[in-house]
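Protein chains in written order, with the numbering used here: chain A, 1 to 260; chain B, 1 to 260; chain C, 1 to 260; chain D, 1 to 260; chain E, 1 to 260; chain F, 1 to 260. Every residue, glycine too, gets a C-beta built ideally from N, C-alpha and C.
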């Protein structure tokens with residue numbers, strides 16, 4: 001069920017109480033020597049699709065606006081970034097439109113670490129703006145599934161960062177033609193401080209801007225050499241299962257009434 | 001050549017003087033009883049792809065951010081609209097990013113009548129902002145090809161408006177599975193004034209907001225009954241040819257130097 | 001009937017159903033060696049006044065805020081430009097104020113090519129914002145009257161661009177003391193591409209920023225040598241007639257009701 | 001010397017060190033039963049013109065954008081208001097344009113009490129923004145000349161507020177055809193507190209929003225019955241003299257150099 | 001009664017009709033060689049507290065957001081400035097929150113000359129925005145008490161400007177440990193024009209940006225040598241008395257009803 | 001070392017390479033029946049002070065702007081909230097000012113869960129904006145110290161949420177006069193879903209807006225009954241130690257050079 005492939009009467013007929021809308025967000029940014037710039041959005045969309053397949057027809061996927069916050073990758077050609085203000089406005093307009101049509105549960109499914117802060121802010125601001133009309137949930141799919149992913153990974157800390165064991169496996173499974181494993185560079189970056197981690201599923205408590213090329217010439221953080229398509233299939237399954245479990249629960253969340 | 005499918009070294013190796021970047025923009029909005037909400041973006045992307053195929057590897061297509069200005073369709077479920085300010089910021093950020101990487105000619109290829117004003121403003125504001133660094137060209141593909149389209153159409157004035165002979169033909173050719181011709185409604189809307197036209201390729205000189213449902217219960221403006229896939233193939237060809245001709249010319253436009 | 005010359009009880013007594021308000025917008029920008037920077041606003045105001053005289057007391061003219069979008073002329077001293085955001089806010093505030101007072105039909109009458117995109121956006125955004133309360137129409141007077149003007153012109157394509165046969169004639173008729181015909185420079189600019197036209201009434205389908213001094217040292221596009229006051233009188237009459245015809249029609253447009 | 005009446009070569013030839021540009025700002029708002037809504041802008045412009053005549057050709061007057069901050073008059077039809085943000089953007093764009101052309105001394109001459117705060121903010125923000133390039137001075141003409149005006153007035157405290165002895169006299173002198181003395185209402189408003197004054201030239205230290213119709217049914221604050229054209233001629237002369245004295249001094253203010 | 005020290009049930013129990021909320025605003029900026037950067041906020045807060053003590057429990061003091069508009073001091077280290085837009089948004093959000101909770105009279109008590117314009121604009125914009133719900137009053141405490149201060153000062157014109165006889169006396173009384181009288185520099189700045197005054201309580205009618213270091217190497221305007229703690233005690237008393245008198249009056253101002 | 005208590009020459013003399021500036025941010029919002037609205041800012045400031053005492057004179061504390069993002073508490077009187085845009089602008093202006101004065105390492109120390117997203121965004125946007133000039137680090141003190149806090153707590157999951165064992169203990173130690181333990185309500189809220197946690201140091205992966213009064217009538221999340229001043233002393237020590245350890249490390253972070 002993709003919103004962009006449905007007619008308006010079909011969308012109009014959706015049950016407003018049962019339907020959960022999913023907006024995948026990602027990024028267009030460098031993903032090392034071996035992976036395409038669209039990786040994050042490809043993955044957020046694929047995980048959303050796979051979760052929807054598990055949940056059934058009450059999940060409808062909105063088209064992803066593709067771009068996200070990637071200022072930290074801008075020293076590499078291929079990266080395109082929105083400002084935080086633009087991304088907040090863009091997602092805000094999309095959510096406002098579907099709430100206007102009566103939809104009551106919208107999940108923003110993020111596939112890009114750099115968007116984590118802004119979707120947290122969006123959860124607050126949109127949740128407050130549409131209080132009484134709709135619930136907005138924002139999450140990053142690999143954080144949601146992090147226990148399963150951690151149990152499954154082969155690389156040590158730092159091996160899953162960016163264009164790494166995890167993302168490369170998923171892309172090998174989903175879009176093998178877009179991955180150039182022969183060009184992959186393995187790189188465990190050294191942040192020079194224990195307070196900054198580059199691991200995708202074990203991020204830093206302290207938040208600070210790091211230009212990726214200050215830590216990695218190739219743009220890779222981690223170990224794409226450990227990636228396989230088969231592993232990607234498993235990562236996809238565990239990500240989709242975690243997301244599906246959440247979406248099922250989310251569809252039952254009550255909508256509080258606005259105070260007079 | 002799709003930007004989202006290329007690695008950063010591949011994008012980094014593109015010849016900045018010869019490469020033309022194309023950003024397709026469209027909308028997510030009602031397209032009658034028989035066509036999907038993603039129609040405009042599907043078409044802007046398909047025409048861009050087809051034109052790129054004609055021109056060759058110097059054209060690279062950016063991923064479309066999908067959403068556009070559709071306030072005039074908001075009475076129909078399925079429509080999602082950005083504000084003009086959001087769209088200006090979103091396209092502005094995308095263009096700023098690619099200009100930062102040294103690209104010098106960017107064409108915004110629009111597939112939605114409701115975006116015509118805002119891309120005109122973007123041509124001015126971005127052209128001025130990046131004067132000396134890059135040229136920005138903005139166009140609507142069916143306006144660019146309007147002479148050929150006019151010569152080819154069967155419907156009379158008003159038959160090509162929205163979800164009409166033209167758009168339905170293109171979708172029947174490109175995405176037949178998404179078109180439900182059996183549900184198509186033929187409707188020549190009456191604006192009640194000679195000063196407002198609903199024709200896609202013969203628009204109004206006077207600009208004024210019209211809510212689509214004030215003129216059409218189904219959301220259709222025009223005659224989808226005249227649509228065929230074969231006709232869509234021809235419309236695609238003529239649109240792609242017009243766009244290709246422009247892009248070839250555009251790639252030779254000089255970049256003036258900034259005044260000191 | 002000029003708004004700025006009326007008392008509040010006089011304005012309060014205007015029939016809200018019959019009155020059409022006209023807001024002339026233009027620019028303050030270079031107009032060649034022989035014409036004053038205020039030309040566009042002088043002309044938009046004069047055409048509005050002349051049309052109002054034809055229609056009668058139901059048309060009331062608001063004072064023009066003088067400034068418009070003129071970034072493409074900023075290499076010439078004398079040019080003053082607003083940003084698109086400022087112009088949208090400024091016109092938006094003016095329209096919001098008169099709608100607050102119950103006025104229901106507002107026409108923005110533009111006299112400057114560089115404003116064409118922004119008034120198109122304003123037609124959409126203000127039309128949507130005040131849907132159910134008021135209709136907003138935006139137009140450029142010389143585009144409205146372009147058939148008559150084309151039939152009347154002597155210059156070939158390119159002769160009517162900026163500070164040209166057309167504008168100089170009008171100014172010679174209306175403000176002869178501000179025109180220095182002895183300094184006028186005739187210049188048919190060469191854009192170097194068939195896709196960019198400089199003709200006032202036959203503009204480009206492709207929109208792209210052009211700094212005027214890249215095409216014309218004097219700032220003139222066209223043939224002021226063909227201008228005469230007598231021709232200006234005729235251009236004024238045909239512009240006013242076209243505008244008057246529109247305004248009469250506009251005064252009868254229905255105001256749709258807001259959806260609940 | 002009016003900017004809008006000069007050609008660009010004439011403006012280009014102005015001595016950047018000696019020229020002072022004047023931007024008159026006012027309002028479009030109710031001025032009682034007897035005075036037109038354009039009063040404040042008419043007066044700011046007339047005083048600017050008269051001062052320029054006293055100083056000579058080094059003063060050039062920019063066209064007034066007419067509108068100002070008039071939210072406190074919005075309960076009366078005829079009032080049009082900008083928001084503070086719009087006015088700051090609008091004046092900011094105008095000043096930025098002329099500074100771009102090398103002008104170094106710009107005076108904003110205000111004729112409307114409601115603009116006093118915003119021009120104070122503009123003096124700070126624009127002065128800071130263009131530090132090292134230009135000086136910006138902002139003033140209200142009747143405050144500048146308040147000692148002379150106070151010495152000349154006949155009304156007691158409260159008689160000069162809005163559409164009063166002062167403004168009506170000036171309009172009787174300058175635009176007698178726009179004044180309807182037979183409809184004038186004399187009204188000394190009672191603010192109910194010693195902390196809020198309604199006097200034009202003896203304003204309140206405490207600033208607080210007052211809707212004019214809460215204090216005056218007619219919209220008048222003061223005594224238009226004491227107004228005469230002869231008195232207006234004197235008020236104009238003393239206002240112009242004060243402004244001319246300032247402008248002469250202003251033209252000699254040094255432009256500090258930016259810090260490295 | 002400090003808002004930040006009360007529980008929500010205590011604040012919830014406050015009488016909405018009788019309570020006046022006070023928001024002290026100041027600045028963090030250079031105050032000469034001898035005074036701390038927090039001076040203005042320390043003083044605005046102390047005067048607010050002292051006035052509240054005189055009025056009684058119906059005055060509740062909000063915590064000061066500390067920062068203000070100090071661009072004119074930015075050439076000195078230690079100065080921190082907000083933009084005007086940020087300050088307007090910040091105070092606007094605070095006032096909107098307390099009006100949401102039903103409070104009806106809010107006084108912004110300013111202790112920094114550089115904030116005078118922006119609080120004037122805030123009085124207008126917030127007063128208009130919350131018309132019918134709350135009254136907003138904005139004032140600068142030393143302007144409110146200027147007659148008493150003038151009668152009490154020893155320095156001649158120019159001696160009370162910044163980090164001067166007045167402010168230093170107050171700080172010697174309130175925070176003697178933060179004042180380094182041995183480093184104080186006496187400086188009567190020369191603006192070079194009669195139209196710009198540097199005196200705290202006799203400001204300029206003409207408003208124009210002045211970088212403080214263009215007039216004073218030390219950052220002092222005036223005569224801290226005349227300051228004593230005993231004098232500061234008196235200045236505090238007269239400031240608090242003036243403010244208390246106003247707050248008592250303010251608590252009785254009627255709240256007009258919104259128009260339908 | 002408090003910025004607001006230093007003179008500008010003292011601040012000017014600070015070693016730009018060694019000095020770390022700390023900006024404490026918190027909130028003004030309901031903290032149950034027994035704690036003051038200023039709790040979060042009091043605590044962020046106290047932890048910052050205590051950490052500075054451990055590190056030594058190279059840490060300078062900026063004054064806290066007091067207010068934060070508290071929309072989720074707005075149903076309780078006493079809560080004051082900024083919008084996300086305002087907070088981003090406010091912190092952005094403060095950081096821009098100190099970077100202008102040459103400071104190179106700025107830590108935003110947050111004491112309020114509701115600010116977590118926005119400080120994450122600020123870390124990215126300010127880090128990018130000032131890349132090459134300064135490093136910006138953003139953190140929440142109780143997350144930084146969460147391992148020690150977890151080891152020390154007595155309450156089970158849910159007992160540390162808001163106005164709870166943790167915050168009440170700290171306030172009992174720091175400001176016992178502002179805590180009313182006799183009014184404290186113990187409440188373990190039930191979110192109704194495993195995907196939303198209310199625990200201060202074990203937050204939700206899924207982010208979604210929750211109005212506090214939908215889960216707690218008193219506004220308390222957790223167990224203030226377990227709070228003691230002695231425990232607060234320990235919580236303060238472990239928080240300060242964690243922060244001090246970070247600040248020492250932060251002071252050695254390299255400042256990368258801007259790319260040409």
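Residue i versus the options, residue with shortest Cα-Cα distance
i                      : options                       : result
residue 38 of chain B  : B/217, B/227 and B/65         : B/65
residue 131 of chain B : C/12, C/75 and C/55           : C/75
residue 218 of chain F : F/257, F/6 and F/29           : F/29
residue 145 of chain C : C/223, C/93 and C/47          : C/47
residue 168 of chain C : C/22, C/13, C/9 and C/33      : C/33
residue 228 of chain E : E/184, E/257, E/246 and E/252 : E/184
residue 197 of chain C : C/99, C/56, C/162 and C/260   : C/162
residue 98 of chain A  : B/101, B/67 and B/172         : B/67
residue 189 of chain D : D/182, D/152 and D/199        : D/199
residue 40 of chain F  : F/88, F/57, F/226 and F/175   : F/175
Terminal residues of the beta strand (DSSP E) in which residue i lies
i                      : result
residue 137 of chain D : 135 to 140
residue 105 of chain A : 105 to 110
residue 61 of chain B  : 59 to 61
CB-CB length for residue i against residue j, believed under 8 Å
i                      : j                      : result
residue 133 of chain E : residue 104 of chain E : 7 Å
residue 81 of chain F  : residue 69 of chain F  : 6 Å
residue 6 of chain A   : residue 36 of chain B  : 6 Å
residue 107 of chain D : residue 22 of chain D  : 5 Å
residue 141 of chain A : residue 216 of chain A : The Cβ separation is near 23 Å, so there is no contact.
residue 84 of chain C  : residue 125 of chain B : 5 Å
residue 24 of chain E  : residue 111 of chain E : 7 Å
Residue i: first and last residue of the uninterrupted alpha helix (DSSP H) it sits in
i                      : result
residue 87 of chain E  : 84 to 100
residue 128 of chain A : 116 to 129
Chain-ordered neighbours of residue i on chain H, where CB pairs are closer than 7 Å
i                      : result
residue 171 of chain D : No chain H is present in this structure, whose protein chains are A, B, C, D, E and F.
### Task
Taking a Cβ distance cut-off of 7 Å, strictly less, list which residues of the region 53 to 68 of chain B are near chain C, in chain order.
Shown here is that no member of the region 53 to 68 of chain B has a Cβ falling below 7 Å from a Cβ of chain C.
### Task
Quick one: which unbroken alpha helix (DSSP H) runs of 4-plus residues sit fully inside the region 140 to 228 of chain C? Chain order, please.
For the region 140 to 228 of chain C, whole alpha helix (DSSP H) runs of length 4 or above, ordered along the chain, are 141 to 144, 146 to 152, 165 to 174 and 212 to 215.
#### Entry: Runs of beta strand (DSSP E) wholly within the region 7 to 57 of chain C (minimum 3 residues, chain order)
Listed in chain order, the beta strand (DSSP E) runs fully inside the region 7 to 57 of chain C are 20 to 25, counting runs of at least 3 residues.
### Query
If contact means a Cβ-Cβ distance below 7 Å, which residues of the region 120 to 137 of chain E contact chain D?
Residues of the region 120 to 137 of chain E with a C-beta less than 7 Å from any C-beta of chain D: 120, 121, 123, 124, 125, 127, 128, 131, 135, 136 and 137, listed in chain order.
### Task
May I ask you to list, following chain order, the residues of the region 27 to 43 of chain C that have a beta carbon less than 9 Å from some beta carbon of chain D?
Residues of the region 27 to 43 of chain C whose Cβ lies closer than 9 Å to any Cβ of chain D, in chain order: 28, 29, 30, 31, 32, 33, 34, 35, 36, 37, 38, 39, 41 and 42.
### Message
Along the region 188 to 212 of chain D, where does the CB come closer than 7 Å to a CB of chain E? Name the residues.
### Response
Within the region 188 to 212 of chain D, the residues whose Cβ lies closer than 7 Å to some Cβ of chain E are 193, 195, 205, 206, 207, 208, 209 and 211, listed in chain order.
### chain D contacts from the region 77 to 99 of chain C (Cβ-Cβ distance under 9 Å)
Contact residues of the region 77 to 99 of chain C toward chain D are 77, 78, 79, 80, 81, 82, 83, 85, 86, 87, 89, 90, 92, 93, 94, 96, 97 and 98 (C-beta to C-beta distance below 9 Å).
### Query
Which runs of the beta strand (DSSP E) fall wholly inside the region 225 to 260 of chain C and span at least 3 residues, in chain order?
For the region 225 to 260 of chain C, not a single whole beta strand (DSSP E) run of length 3 or above is found.
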